[in-house]
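Have a look at the structure below, then the notes.
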Amino acid sequence: MADQPTAEIERFRATNGRIVGGTGLALCVVVAALLVATETFAVAVPGVIGCAFVAGLVWMALLRPSVSATLSELQLRTLFETITIPLASIDTVLVRRYLLVRSGGVRYICPAISRPLRKSIRAEMRWSGGNAMQPGASLERLDKATGDSLQTQVKSEQELAYADFVEERLTVLAANDRARRGIEERSEEEYELGSQVVRRTAWTEIGVLAGLAVAFVVALVVL
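Going by my numbering, the letters in the sequence shown line up with residues 2 to 224, in that order.
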C-alpha cells in the first residue's frame, strides 16, 4: 500500500452559522461589558460567567463545525467531536441542510456546510427509494475529472453552487484515494476501511463549559 500523506490540502468554507455565531459572540461581549460597567460586584460576576458560558455554547454549536481534507482523510468537526474518515471508504457525499457522508454503512453529518432549503428539497430527489443511498455527486458525472487540483472542476466556479462543488470535490478526492490504495468502488475493501473511522470527543471544550456552569452556580450561591 502506498504511503498515505496526512498534511491538510483543503479546508472547505463553512456556509452555515458563521454570521449568527459571530453576532452571538459579539452580543455576549457587549452584555458582559455592560454588566461590569453598570452592575454591582455580586451581579456582575455571575453575569459575566453566564455570558462566557453562552459564548462557549455559541462557539461550539455555530463556529466550531468545519470540514477539511488531506489526500487520504476527511475531517469533520461537529458540536462535540472530531471525526476522521478515510477518504477511500466514502461511498456517499450529499449536502442538504447539513453535509452528510457515508462510510462503511455509517452516516456522519456536519452542520458546517448546508444548502438553502429550496435547493435542499431538490437534493432529496437524489436519494433512492430503497435502503441504499445514492451519492449526491456520482462518479459517473466525474469520469473525466482527474488529478488533485481544483482544475478538475467540470463546471466553472460561477456555474457551480458551492454545495455542489463540495459534493463533487469530496467524491473526486475519495476516488483518487481509492486509486492510490488499489481499492475498487463499492468493494469489500472499501466497506471494511470504514471501520478505521476515528471519533474524538471534544473533552477540552466540554470541560470548559462544565467548569463555567459550576462557576456560575457557585457565584450565585456565594455572592
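The beta-carbon is built from N, C-alpha and C at its ideal position, and this holds for glycine as well.
If I follow the unbroken alpha helix (DSSP H) through residue i, where does it start and stop?
i    : result
Y109 : Note, Y109: premise wrong, no alpha helix (DSSP H); beta strand (DSSP E) at V107 to C111.
T39  : R19 to T39
L58  : F42 to V59
I207 : W204 to V223
Classify residue i as buried or exposed, calling it buried when 16 or more other Cβ atoms lie within 10 Å of its own Cβ.
i    : result
L100 : buried
S188 : exposed
V59  : buried
I86  : buried
L77  : buried
T172 : buried
F13  : buried
V218 : exposed
G195 : buried
A15  : buried
V31  : exposed
R170 : buried
A34  : exposed
R108 : exposed
Quick check: residue i and residue j, are their CB atoms within less than 8 Å of each other?
i    : j    : result
L80  : A175 : no
V96  : I114 : yes
L63  : G25  : yes
S104 : I91  : yes
E82  : A203 : yes
A56  : E11  : no
N17  : P112 : yes
R179 : E191 : yes
A43  : V37  : no
V223 : I84  : no
M61  : E206 : yes
Could you give the DSSP three-state label for residue i: helix, strand or coil?
i    : result
A70  : strand
E186 : coil
L194 : helix
F81  : coil
T172 : helix
S115 : coil
R181 : helix
The beta strand (DSSP E) spanning residue i covers which residue range?
i    : result
T16  : Segment: none, T16 is in no beta strand (DSSP E) and carries neither H nor E.
S90  : Run containing S90: none; DSSP gives neither H nor E here.
R103 : L100 to S104
Just checking residue i against the ligand SAM - is the residue's beta carbon closer than 7 Å to any of the ligand's heavy atoms?
i    : result
V199 : Among the ligands in the structure shown, none appear at all, so the ligand SAM cannot be discussed.
Three-pair Cβ contact test at 8 Å for the segment 40-56 versus the segment 200-215: yes
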